[in-house]
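Protein chains in written order, with the numbering used here: chain H, 1 to 355; chain X, 356 to 710.
Just so it is clear, CB atoms sit at the ideal spot from N, CA and C, and this is done for glycine as well.
These notes concern the structure reproduced below.
See the structure below:
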């Protein structure tokens, strides 16, 4: 299995996704973060990306930042608060980041309330972060098991961006569903949107599918509509970066267009996301903060300029797909059909005691 | 004015669009074709592209191929047929190519029927080709004059690909409309789809707008839907590569998606194209041949690989937008609102005697 984020020798090790694709079978480009600043930098620069992966990377990063700590209680609290705040400013849209910070904060407060030694607090934080990594993979496997029921033999599926092992600690959400379906012996064809500007589809999903020997065809984002019109796609599945209480989904820019096109062509549109992606504090998608990134992501490919110097650029990294365009949201706890405030709350509240 | 295709010193001179963008004010990358094979190669490799530009380049290319000709009449006819056939195989979708070949063939047959000398036939073919170049610019100016009536002060307009001076002998179709509107003193903002895979929006339209000092903002194709949802775009205008008798429009891949999104957001969707782009021999868009191009257009940017080796690619260069999604087609003879078989025939038949 591809491991995207893990702990090794007192460091947070990340599969450096800026350097993918590399030759299958070749050595993987790893980024070894020996201090928490490096983890924040990795999140900001997309060395690690994908909502669940950002979450677990932040958890491990916080644990890393708390490895060598003072015995002074006030200083200890101050350090934790500083690190947590810095991580919370790394990227704005994916809620899994804030969810992970919250989990770590809760563990920290429990440990300090129990009057643990500084060393034991540090150890406890690492344990919790490692649990989050493990749980992310378990969650995705459960999510995949539920979601594969929606995939039929002979399907032609379209996916956008990378909601795979590379977007998580491992296994993946949208691509986890496809992995599960393959394990059940289902055969389907897969189209991958290249996903401009950062090309997560072309660079990451195409690579991940090759790595797993799942046949796939790469297209440009603008080709999806014409594929749907010609009947060559019958299902769409994506991940999510944040889901509001009413089921509106923030995900990689271009997801909204796909959902409108899917509706126009009567094609089911599925979103696969763990419960940690839901943000019940937000009523609807209008309130989800949308990150705008540097113009160079659009005007350059690597160091090569592809647009004239000085041209204005608008580069939102995400868009919001309203719940009415979403056929179902697939979670580790089950499938929410026709997602809405009621159906989401029903699933999440059932789970609340256990979280 | 930017000149894209012209005749100079017994050669067809093309602005080499593969090498754009270059610095504004710097020297333009010209491709001087001294034999017709070079013109065909330029069409195939997109050194010259855009339906009207391909048409006039082919006309000049045929004239070039007929400059040094035999006195033998059978050989003369054979040479013309050979050259015309080779041009007709250069690109399949844009009908302006076939229209231009037809114009040249008709001129050739008239000249031979009149028993002109070979030298005079050669001269006549060049005259006709130069007329087509001149007429293309005049046509676009007339088209722009009609179309500018649809543009209002304060509009926020989205365009796809390059339907500008670079797609024609000069002036442009969709961008010609915007040029005209500017000349009337109308102020509007412009968004440009980068237009993957060949990036005609980022490389050509962005450059052309800078060249003309028309402010514009570059986006990725996948951002258009979310721009529409947020109310930041209120009109869309594109060119066309072929228009069927019923008003279905073949244009750069991604046009169809934009039209579906425009409909969903109640945004007018305009197509600007000269009458030469209409193909009344084709009932509807299903019969328009859609060119599929090399996978490397998707997997590489220049020499840089952006997708893993061996990944399958689907790369159609065009798609078909059904007439029902098109608010109006703008031609040099007037605007066809709610285009359909009847309204199109009415405009074209009116024109038939004059062509």
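The beta carbon of residue 339(H) is closer than 6 Å to those of 247, 323, 326, 329 in its chain, skipping five residues each way along the sequence. For chain X, the residues of the stretch 13-35 of chain H that bring a beta carbon within less than 9 Å of one of its beta carbons are 20, 21, 22, 23, 24, in chain order. Between the beta-carbon of residue 18(H) and that of residue 64(H) there is about 20 Å, and that puts the pair past the 8 Å contact cut.
Annotation for residue 173(H): no beta strand (DSSP E) segment contains it, and DSSP assigns it neither H nor E. Using a Cβ-Cβ cut-off of 8 Å, residue 551(X) is close to 194, 196, 220, 221, 222 of chain H, given in chain order. At a cut-off of 7 Å, the C-beta of residue 562(X) has a neighbouring C-beta in chain H.
Per DSSP, residue 131(H) is one residue of the alpha helix (DSSP H) stretching across 118-147. A direct Cα-to-Cα measurement between residue 192(H) and residue 661(X) gives close to 14 Å.
Listed along chain X are 570, 571, 572, 573, each with a C-beta nearer than 8 Å to that of residue 312(H). In the DSSP secondary-structure assignment, residue 337(H) is bridged to 328(H). As a beta-bridge residue in DSSP terms, residue 251(H) pairs with 319(H).
The criterion of a C-beta distance shorter than 7 Å is not satisfied by residue 135(H) and residue 277(H). Within a 10 Å sphere around the beta-carbon of residue 119(H) sit fewer than 16 other beta-carbons, which makes this residue exposed. Of all residues in the stretch 616-627 of chain X, the ones placed with a Cβ closer than 9 Å to any Cβ belonging to chain H are 616, 618, 619, 620, in chain order.
Contact between residue 503(X) and residue 536(X) holds, since their C-beta atoms are separated by about 4 Å, short of 8 Å. Identification of chain H residues near residue 608(X) by a Cβ-Cβ cut-off of 8 Å yields 220, 222, 223, 226, ordered along the chain. Distance check between residue 281(H) and each of 104(H), 194(H), 242(H) places 242(H) closest, using alpha-carbon atoms only. About 7 Å separates the Cβ atoms of residue 506(X) and residue 533(X), confirming a contact at the 8 Å cut-off. A distance of 7 Å or more separates the beta carbons of residue 107(H) and residue 59(H).
Judged by pairs of C-beta atoms under 8 Å, the stretch 359-367 of chain X touches the stretch 518-528 of chain X, as three or more such pairs exist.
Residues of chain H whose Cβ lies closer than 8 Å to the Cβ of residue 674(X) are, in chain order, 223, 225, 226, 229.
Cβ contact annotation for residue 267(H) (same chain, cutoff 7 Å, sequence separation greater than five): 228, 233, 234, 235, 236, in chain order.
Boundaries of the beta strand (DSSP E) harbouring residue 599(X): 597-599, taken from the DSSP string. Secondary structure at residue 540(X): coil, using DSSP grouped into helix, strand and coil. Nearest in C-alpha terms to residue 428(X), of all of 390(X), 417(X), 411(X), 468(X), is 468(X). Listed along the chain, the chain H residues whose CB falls inside 9 Å of the CB of residue 657(X) are 301, 304, 306. By the rule that beta-carbons nearer than 7 Å mark a contact, residue 636(X) does not touch chain H.
About 7 Å separates the CB atoms of residue 509(X) and residue 543(X); that is less than 8 Å, so the two are in contact. Each residue's CA atom was taken as its position, placing residue 579(X) and residue 618(X) some 13 Å apart. In the DSSP annotation of this structure, the continuous segment of the beta strand (DSSP E) that includes residue 590(X) starts and ends at 590-593. Chain X places no beta carbon closer than 7 Å to that of residue 156(H), leaving this residue out of the contacts. Counting every other CB atom within 10 Å of its CB across the protein chains shown gives residue 458(X) a total of 16 or more, marking it as buried. Between the C-alpha atoms of residue 319(H) and residue 71(H) there is a straight-line separation of about 45 Å. The alpha-carbon of residue 613(X) is positioned some 18 Å away from that of residue 194(H). Contact between residue 439(X) and residue 369(X) is absent: CB atoms are separated by about 19 Å, not below the 8 Å threshold.
Ranked by Cα distance from residue 105(H), the options 94(H), 124(H), 141(H) are led by 124(H).
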